[in-house]
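Residue numbers (the working numbering): 7 to 385.
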């Protein structure tokens with residue numbers, strides 16, 4: 007296992023971090039869904055025995071508390087001492103300062119630990135950051151560190167670069183967790199945000215390195231590029247290899263639902279490290295990115311100038327579903343996502359063809375006709 011040194015904390019973490027969000031589930035006789043610990047515990051312990059020393063969960067994963075509890079059970083019998091444990095403070099249910107204290111204590115109890123190594127304010131965007139900032143979250147984090155309940159104060163993030171820059175500069179963070187992969191270099195925190203964190207000596211933990219599994223199932227035009235390259239690697243290894251090349255990244259989370267996935271990740275990350283990507287390999291990923299983008303159905307940038315629609319059509323949401331369906335060859339998922347828009351009555355059939363959207367679109371898209379095409383292809 008390769009390790010990354012976090013200078014500001016004086017520790018080393020494994021390049022592969024076990025993400026627990028997608029641990030296997032089972033249904034009890036009464037219909038309750040719980041983590042299947044007979045499967046998940048051996049997976050987690052095997053990863054740790056193989057050198058992984060970073061595990062990530064959250065207070066809300068697996069339907070609330072269940073994930074933390076299952077991880078806590080897996081970390082018994084001496085495994086707790088071998089790893090750094092990360093969990094998260096959800097922002098959406100918090101209404102008071104006391105809520106933050108209560109949830110932190112519940113997480114410690116769920117996990118069976120006195121101290122949480124990495125405590126992340128969960129899924130921050132600009133709005134949720136302003137909410138918890140005004141409730142005193144930075145004071146809460148300082149007090150939690152002082153009392154020994156947490157070691158490192160961190161945040162996870164889902165918004166754009168400007169929001170990331172604001173949050174990153176608002177507190178002396180020990181780590182930031184962001185969505186990042188070779189398709190998201192201009193989305194979410196973006197490559198620019200990863201570089202900014204590096205300049206500030208704030209380590210990055212990566213989530214969604216495979217974009218929710220989308221990059222693992224490459225379409226034919228992408229597979230052709232991988233197949234033509236002299237060195238043969240799976241789409242999964244290419245995606246992780248690209249990420250591990252960044253010195254700003256401390257660890258890359260990968261969700262494990264089976265022992266086979268765990269073994270595969272262990273093998274891949276043993277071959278990935280900073281500086282491993284050659285110029286030819288970087289060029290390959292650039293061409294792969296363009297091959298994905300060539301599958302785009304509509305050049306919508308998600309700027310939302312077209313919103314709100316007078317008849318509540320979710321124009322950018324529909325175009326995002328349409329693009330993802332073809333970019334990542336996810337036909338069934340795209341149709342399911344669009345079916346949700348239909349149920350919510352935000353689908354393209356609600357378009358009145360008033361043209362208000364087309365008059366403000368910076369890309370000068372023929373939105374009315376494009377909505378008709380999207381509707382026809384996803385119903």
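No residue lacks a Cβ here, since even glycine has one placed at the ideal position from N, Cα and C.
* Compare the Cα-Cα distances from residue 180 to each of 194, 206, 171 and 172 and report the closest residue. => Relative to the Cα of residue 180, the nearest Cα in the group 194, 206, 171 and 172 belongs to 206.
* Asked: For residue 360, which of helix, strand or coil comes out of DSSP?
  -> Correct three-state label for residue 360: coil.
query: Pairing CB atoms from the stretch 300 to 307 with CB atoms from the stretch 276 to 285, are three or more of them under 8 Å?
result: As far as the Cβ criterion goes, the stretch 300 to 307 does not touch the stretch 276 to 285, which means the pair count is below three.
Reducing DSSP to helix, strand and coil, say where residue 154 ends up.
Coil at residue 154, not helix or strand.
**Asked** Sorted by chain position, which residues of the same chain lie with C-beta nearer than 6 Å to residue 364's C-beta, five sequence neighbours on each side aside?
**Response** Non-local beta-carbon contacts of residue 364 in its own chain, meaning distances under 6 Å to residues more than five positions away in sequence, involve 373 in chain order.
Report the CB separation of residue 102 from residue 141 in whole angstroms; it is logged as a contact under 8 Å. Confirmed, about 7 Å.
What are the partner residues of residue 94, as DSSP defines its beta bridges? DSSP output for residue 94 lists 126 as bridge partner(s).
* Just to confirm, are residue 185 and residue 163 a CB contact at a threshold of 9 Å? -> Result yes, Cβ atoms of residue 185 and residue 163 sit closer than 9 Å.
### Task
Could you give the DSSP three-state label for residue 290: helix, strand or coil?
Residue state, collapsed to three classes: helix.
- Message: For the pair the stretch 192 to 200 and the stretch 231 to 240, tell me if three or more CB-CB distances fall below 8 Å.
- Response: They do not touch, by the three-pair rule.
Residue 246: first and last residue of the uninterrupted alpha helix (DSSP H) it sits in: For residue 246, the enclosing alpha helix (DSSP H) stretches over residues 241 to 250.
Report task. Just confirm the distance between the C-beta atoms of residue 211 and residue 298, as a whole number of angstroms; I'd bet it's less than 8 Å. Result -> Contact flag wrong, Cβ pair sits at about 24 Å.
Cβ distance (whole Å) where residue 90 is taken to contact residue 27 below 8 Å | Between residue 27 and residue 90 the Cβ distance is about 17 Å, and since that is not below 8 Å, they are no contact.
Residues bridged to residue 259 (per DSSP): Beta-bridge partners of residue 259 (DSSP): 23.
Pick from 294, 357, 336 and 345: whose alpha carbon is nearest that of residue 313? It is 357 whose Cα lies nearest to the Cα of residue 313.
Does the contact criterion of 3 or more C-beta pairs under 8 Å hold for the stretch 16 to 33 versus the stretch 263 to 271? Enough Cβ pairs lie closer than 8 Å, so yes.
*According to DSSP, is residue 189 helix, strand or coil?*
Looking at residue 189 - three-state DSSP - the assignment turns out to be coil, as it is neither helix nor strand.
Q | Helix, strand or coil at residue 161 according to DSSP, with G and I counted as helix | A | If DSSP states are grouped into helix, strand and coil, residue 161 belongs with the strands.
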